[in-house]
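Residue numbers (this note's numbering): 301 to 755.
As structure tokens, then:
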């Protein structure tokens, strides 16, 4: 191959490579953008909803600030506060949807990144293999070239023999044909060497094209990988910001709820306003209970299931505190008749706050909320699935000391009694729920499962 031809061929390859890179980048961008658009559109829509509510909240705050000194009616104050709380809760729901969308998109991107990394590894192996085959081809080409050059040198040194010279130098016709056959075979051998060398050159050219294609694919994959990693970092930052904002909004709700509670304490307990607020609070707590029921229905064990051996569930529950205690409010209602799906446990003689409470039975923690916020009135709470269709709930804690997925044994300390959420004083709210075979969840009397052994 001449130097001029080699330069032309390399320039052509460079041009082809540039076009291929541009195509691969464009294709990678298209593939990357398609799934991304859906997540972006959903996140943008959620952001618009959030911003609309934020404007509404700000307007409500401005109105409340303007008339604060003029409002003497507690009912009006409550309405303003409850309206703001409702709006903030709507924002919290939007943030939860945003967090869910971000988590799903992050998971998708991590899967995509892992796939691209595997593809890059495969391409690098292909490049390594192609380089090895090229080296092997070059080696055999060199051997063939040396054989051919040897034949050429030999013919040159011996001088080119014509057919006429062979005829006159032959003793007879028989020796003539014998010498002609030998010369024919030498010629055929030279032709075979040339053909072999030509084939290896073609193979080397194909391998070089294959190598360049692999390198082009590699460059495109590396670009795509970096884009995906950058997008992933952005999503993780967005997720962190959304979680931070969610916590701030929950803290804001908790603060507003304390204002509401302060006003409620000033109301006549026989008044319509007081009864309306208690009803509102009960509806709020019931909403969380429905959410917990739905989660248990989807993820909890069912009656008839065999508990995991690591739970050491012997089928009997123990009283969740070890100090002398009594039930201050029972199942299924408070003294005023409003629903109460558990029992409230307090220390005899007072001083309940700061005392530990324990798992009534071994199991796995399936819900754990420990952010110190209102959380629909439950404050900090956790739910343990005991593997046999029963689940226990512990609420109003100052500090939940377990996390989701953790395995606990009967009697293990899981938290500290407190007064988070909607309470009149520190206590442990304890519930037993049962997931039936049909997936429905029943809130049952805890005293059918536990007995106060501390009294």
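Where is the CB? At the ideal position from N, CA and C, for every residue including glycine.
Beta-carbon contacts of residue i that lie in its chain and below 7 Å, excluding the five residues immediately before and after
i, result
"residue 566", "374"
"residue 648", "624, 625 and 626"
"residue 582", "638 and 639"
"residue 564", "574 and 577"
"residue 652", "646, 717, 726 and 727"
"residue 634", "640"
"residue 497", "441, 444, 445 and 448"
"residue 737", "602, 603 and 604"
"residue 343", "398 and 401"
Member of the options whose CA lies at the smallest distance from the CA of residue i
i, options, result
"residue 555", "686, 675 and 447", "675"
"residue 608", "498, 708, 402 and 436", "708"
"residue 363", "437, 354 and 380", "380"
"residue 258", "581, 406, 443 and 645", "Look at the range of the chain in this structure, 301 to 755, and you will see that residue 258 is not part of it."
"residue 655", "517, 719 and 527", "719"
"residue 688", "743, 722, 604 and 696", "604"
"residue 528", "407, 504 and 738", "407"
"residue 669", "641, 635, 704 and 652", "704"
"residue 500", "534, 434 and 449", "434"
"residue 673", "752, 619 and 552", "552"
"residue 401", "346, 679, 722 and 586", "346"
"residue 549", "641, 426, 357 and 666", "357"
"residue 559", "538, 377, 579 and 354", "377"
"residue 418", "671, 724 and 522", "522"
"residue 664", "702, 679 and 650", "702"
"residue 580", "618, 450, 385 and 353", "385"
"residue 426", "516, 570 and 530", "516"
"residue 632", "432, 748 and 512", "748"
Residue i versus residue j - alpha carbon distance
i, j, result
"residue 440", "residue 494", "13 Å"
"residue 540", "residue 387", "22 Å"
"residue 746", "residue 677", "20 Å"
"residue 411", "residue 629", "50 Å"
"residue 693", "residue 574", "28 Å"
"residue 335", "residue 414", "With a pLDDT of 48 at residue 335, under the threshold of 50, the predicted position of this residue should be treated as unreliable, though the coordinate-derived value follows. Between residue 335 and residue 414, the C-alpha separation is close to 16 Å."
"residue 543", "residue 409", "19 Å"
"residue 444", "residue 423", "31 Å"
"residue 510", "residue 430", "8 Å"
"residue 518", "residue 420", "6 Å"
"residue 739", "residue 576", "33 Å"
"residue 572", "residue 717", "33 Å"
"residue 726", "residue 341", "45 Å"
"residue 681", "residue 514", "56 Å"
"residue 561", "residue 642", "22 Å"
"residue 324", "residue 502", "With a pLDDT of 35 at residue 324, under the threshold of 50, the modelled position of that residue is not reliable, and the figure given next carries that caveat. Cα to Cα, the separation comes out at about 26 Å."
"residue 666", "residue 695", "14 Å"
"residue 535", "residue 350", "18 Å"
"residue 620", "residue 587", "25 Å"
"residue 801", "residue 526", "Past the edges of the chain, shown from 301 to 755, lies residue 801, and the structure says nothing about it."
"residue 722", "residue 622", "24 Å"
"residue 679", "residue 750", "23 Å"
"residue 557", "residue 606", "42 Å"
"residue 584", "residue 355", "24 Å"
"residue 671", "residue 537", "20 Å"
Neighbourhood of residue i by C-beta distance below 8 Å, restricted to the same chain and skipping five residues each side
i, result
"residue 546", "392, 395, 396 and 399"
"residue 383", "360"
"residue 404", "339"
"residue 568", "574"
"residue 416", "521, 524, 525 and 528"
"residue 636", "578"
Beta-bridge pairing of residue i - partner residues as DSSP gives them
i, result
"residue 663", "708"
"residue 686", "Note: residue 686 sits in no beta bridge, so no partner."
"residue 639", "633"
"residue 728", "645"
"residue 540", "Answer is none; residue 540 lacks a bridge partner."
"residue 715", "657 and 700"
"residue 669", "681"
"residue 692", "684 and 732"
Neighbourhood of residue i by C-beta, 6 Å cutoff - its chain only, sequence neighbours within 5 removed
i, result
"residue 610", "707"
"residue 691", "596, 600, 683, 685 and 733"
"residue 504", "437"
"residue 328", "Legend: pLDDT at residue 328 = 37, less than 50; position of this residue unreliable, no value from coordinates given."
"residue 744", "732 and 734"
"residue 698", "716 and 718"
"residue 752", "619"
"residue 741", "593, 596, 597, 733 and 735"
"residue 532", "409"
Touching by the beta-carbon criterion (3+ pairs, under 8 Å), the segment 703 to 721 and the segment 651 to 667
yes
Three-pair Cβ contact test at 8 Å for the segment 727 to 740 versus the segment 592 to 602
yes
_Taking contact to mean 3 or more Cβ pairs, one atom from each stretch, closer than 8 Å, check whether the segment 588 to 595 and the segment 610 to 617 are in contact._
no
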